[in-house]
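Undergrad:
Structure representation (structure tokens):
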């Protein structure tokens with residue numbers, strides 16, 4: 021295994037931010053015990069909600085399927101421990117507006133009994149690629165870098181394209197978050213094992229494992245595993261510590277010097293990107309028959325007693341996790357699920373840990389801001405934008421609700437990284453404004469789609485009624501013609517008997 025390579029493309033903009041990761045990486049990953057209750061949202065992924073297949077009062081085992089995907093895009097949900105279903109009800113979840121979502125509540129019995137494995141798979145190298153993809157779908161695995169796109173569907177879409185590279189994303193560029201770093205340090209074998217499975221399932225011959233320069237221990241450990249493997253399909257790449265170099269499109273450009281087209285996907289340039297945590301989860305499922313039941317999460321900030329990385333079961337509440345790390349300090353003021361740049365501020369610690377939860381951040385105060393003032397047209401926001409947008413112009417058009425201009429200036433390409441907010445001397449919440457504008461555009465698009473569907477239904481109904489009337493008219497004409505040939509008395513009899521069938525749609 022050769023040393024990490026540095027031949028990289030150029031990333032536009034971005035920021036060098038303080039890492040604030042030393043406290044959470046000082047100790048090994050700790051295991052959170054089974055809690056009294058597990059709260060499992062049936063939607064922990066992009067796409068359609070899963071459908072519960074268990075009822076209140078039913079006993080379940082660890083790893084048992086409790087909600088099946090519904091629709092063309094989704095992921096199953098499994099019980100994270102054994103116990104009894106005590107409720108299926110709305111529960112607070114970590115969304116931006118403090119919404120609730122349907123959740124399955126398990127009262128744990130403390131025994132943590134696992135469901136029996138139905139079958140032991142042979143070596144993955146002997147399995148067909150399409151079988152592996154369908155098997156990954158059953159494991160409830162989603163993108164653990166934050167996007168939570170169902171992994172199997174992402175891989176299936178990728179197989180329809182001409183692929184050259186698998187890229188494993190170990191670039192954890194947002195401050196405070198260190199769960200991927202600790203995963204690569206302690207479970208490098210699982211990361212590489214998952215990568216080997218992905219290469220076989222995608223039938224791709226090259227894999228880049230990409231890590232930031234501020235993670236020397238992770239780089240060393242991955243290098244050791246790859247050296248022992250001695251597989252020339254793998255290349256370990258090191259990238260500069262610049263936020264947001266871990267963004268999917270930005271990473272593709274850095275590693276391959278290929279630019280993902282506007283509105284496109286990495287597969288358009290022959291690349292598939294997966295988070296290192298996702299690769300480890302695939303290894304656990306395919307090799308050890310363990311569906312996605314837990315994840316490594318960073319618990320940090322000056323508002324918690326002992327910052328660290330923990331492995332907790334999906335559905336464990338934030339309150340239980342914070343209690344495990346020593347509780348809150350007197351300085352705790354703000355609770356954020358995620359990092360300081362892209363995370364969601366929540367008002368309760370009753371929210372459960374879900375597949376997307378990479379960090380629980382407790383701060384003594386909100387990130388520094390200031391009084392919003394008018395834009396001074398300095399252009400700093402454009403200089404740091406990693407997507408090379410013009411946030412200043414987008415802000416004007418967002419204020420004017422000019423959808424056409426917002427589209428033409430690339431609002432839909434915004435990755436909501438928050439760089440423009442951080443450098444704006446006028447303290448304008450640009451990212452929040454862009455997020456609101458995009459939501460408004462989506463609502464308008466949804467409304468147009470609903471109106472179009474209603475129009476199509478109306479026209480289809482009118483066409484059906486026209487065809488039915490035409491059939492009746494043709495039948496009557498035939499009867500009249502037959503009666504005409506039979507004589508005038510027969511015509512009178514037909515007219516007296518005729519009754520128009522009722523129109524149920526009127």
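Residue numbers (our numbering): 21 to 526. Glycine is no exception: its CB is placed at the ideal position from the N, C-alpha and C atoms.
Could you check how far apart the C-beta atoms of residue 164 and residue 301 are, in whole angstroms? I think they sit under 8 Å.
TA: 7 Å
Undergrad: Which residue comes first and which comes last in the beta strand (DSSP E) that contains residue 89?
TA: 85 to 89
Undergrad: Counting C-beta neighbours from all protein chains within 10 Å, is the total for residue 419 16 or more, i.e. buried, or is it exposed?
TA: Exposed, because fewer than 16 other Cβ atoms sit within 10 Å of the Cβ of residue 419.
Undergrad: Quick one: what's got a C-beta closer than 6 Å to residue 103's C-beta in the same chain, skipping five residues either side?
TA: 126, 127, 128 and 129
Undergrad: Using three-state DSSP, classify residue 409 as helix, strand or coil.
TA: It is coil, neither helix nor strand.
Undergrad: For residue 258, which of 243, 247 and 269 has the nearest alpha-carbon?
TA: 243
Undergrad: Between residue 53 and the rest of its own chain, which residues show a CB-CB distance below 6 Å, the 5 nearest in sequence each way excluded?
TA: none
Undergrad: What ranges does the beta strand (DSSP E) occupy inside the segment 125 to 159, keeping only unbroken runs of at least 3 residues that lie completely in it?
TA: none
Undergrad: With DSSP collapsed to three states, give me the class of residue 429.
TA: coil
Undergrad: Determine the closest residue to residue 529 out of 351, 207, 251 and 232, with distance taken between C-alpha atoms.
TA: Because the chain is modelled from 21 through 526, residue 529 falls outside the range shown and cannot be assessed.
Undergrad: Please go through the segment 246 to 273 and give each complete beta strand (DSSP E) segment of 3 or more residues, from N-terminal end onward.
TA: 254 to 259
Undergrad: Report yes if the C-beta distance between residue 381 and residue 297 is below 9 Å; otherwise report no.
TA: no
Undergrad: Going by beta carbon distance, what residues of the same chain come within less than 7 Å of residue 401, once the five residues before and after it are set aside?
TA: 411, 412, 440, 443, 444 and 450
Undergrad: For residue 205, count the other beta carbons within 10 Å of its own beta carbon; 16 or more makes it buried, fewer makes it exposed. Which is it?
TA: buried
Undergrad: Sorted by chain position, which residues of the same chain lie with C-beta nearer than 6 Å to residue 117's C-beta, five sequence neighbours on each side aside?
TA: With a pLDDT of only 49 at residue 117, under 50, the local geometry of the prediction cannot be trusted, and no value is derived from it.
Undergrad: What are the start and end residues of the beta strand (DSSP E) that includes residue 82?
TA: Where residue 82 is concerned, there is no enclosing beta strand (DSSP E), given that its DSSP letter is neither H nor E.
Undergrad: Which ranges would you report for the beta strand (DSSP E) in the segment 204 to 243 if only whole runs of at least 3 residues count?
TA: 227 to 232
Undergrad: Determine the direct distance from the alpha carbon of residue 221 to that of residue 155, and round the result to whole angstroms.
TA: 10 Å
Undergrad: What whole-angstrom Cβ distance do residue 265 and residue 191 have, given they're in contact under 8 Å?
TA: 5 Å
Undergrad: Could you tell me if residue 101 is buried or exposed, where buried requires 16 or more neighbouring beta carbons within 10 angstroms of its beta carbon?
TA: buried
Undergrad: Compute the Euclidean distance between the alpha carbons of residue 99 and residue 448, then round it to the nearest angstrom.
TA: When the Cα atoms are used, residue 99 and residue 448 turn out to be separated by approximately 44 Å.
Undergrad: Tell me the DSSP secondary structure of residue 117 in three-state form.
TA: Because the pLDDT at residue 117 is just 49, under 50, the model does not fix this residue reliably, and the value given afterwards should be weighed accordingly. In this structure, residue 117 counts as coil in the three-state DSSP scheme.
Undergrad: DSSP beta-bridge partners for residue 314?
TA: 333
Undergrad: Looking at C-beta atoms only, is the number of pairs between the segment 166 to 177 and the segment 274 to 283 that lie closer than 8 Å three or more?
TA: With the cut-off at 8 Å, the segment 166 to 177 and the segment 274 to 283 do not touch.
Undergrad: Kindly list the residues whose CB is nearer than 6 Å to the CB of residue 488, restricted to its own chain and excluding five residues on each side of it in sequence; keep chain order.
TA: none
Undergrad: Determine the direct distance from the alpha carbon of residue 486 to that of residue 6, and round the result to whole angstroms.
TA: This structure does not reach residue 6, given that the chain is present from 21 up to 526, and the question cannot be answered.
Undergrad: Let's see if you can read the secondary structure: which residues bound the alpha helix (DSSP H) around residue 404?
TA: 400 to 404
Undergrad: Taking just the CA atoms, how far does residue 484 sit from residue 189?
TA: The alpha-carbon atoms of residue 189 and residue 484 are separated by roughly 54 Å.
Undergrad: Residue 482 by DSSP, collapsed to three states: which one?
TA: helix
Undergrad: Which stretch, first to last residue, makes up the beta strand (DSSP E) that contains residue 70?
TA: 70 to 72
Undergrad: When DSSP builds the beta bridges, which residues end up paired with residue 63?
TA: In the DSSP output, where bridge partners are listed per residue, residue 63 has none listed.
Undergrad: Judging by CA-CA distance, which residue of 261, 140 and 139 is the nearest neighbour of residue 34?
TA: 261
Undergrad: Since I believe residue 143 is in contact with residue 201 (beta carbons under 8 Å), could you give me their beta-carbon distance rounded to a whole number of angstroms?
TA: No, residue 201 and residue 143 are not in contact; Cβ-Cβ is about 30 Å, not under 8 Å.
Undergrad: Taking the alpha helix (DSSP H) that residue 178 belongs to, which residues open and close that run?
TA: 171 to 178
Undergrad: Quick check on the burial criterion: 16 or more other C-beta atoms within 10 angstroms. Buried or exposed for residue 44?
TA: Residue 44 sits buried, since 16 or more C-beta atoms from the chains shown fall within 10 Å of its C-beta.
Undergrad: Where does residue 254 land, buried or exposed, given buried means 16+ other C-beta within 10 angstroms?
TA: With a 10 Å radius around the Cβ and a threshold of 16 neighbouring Cβ atoms, residue 254 comes out buried.
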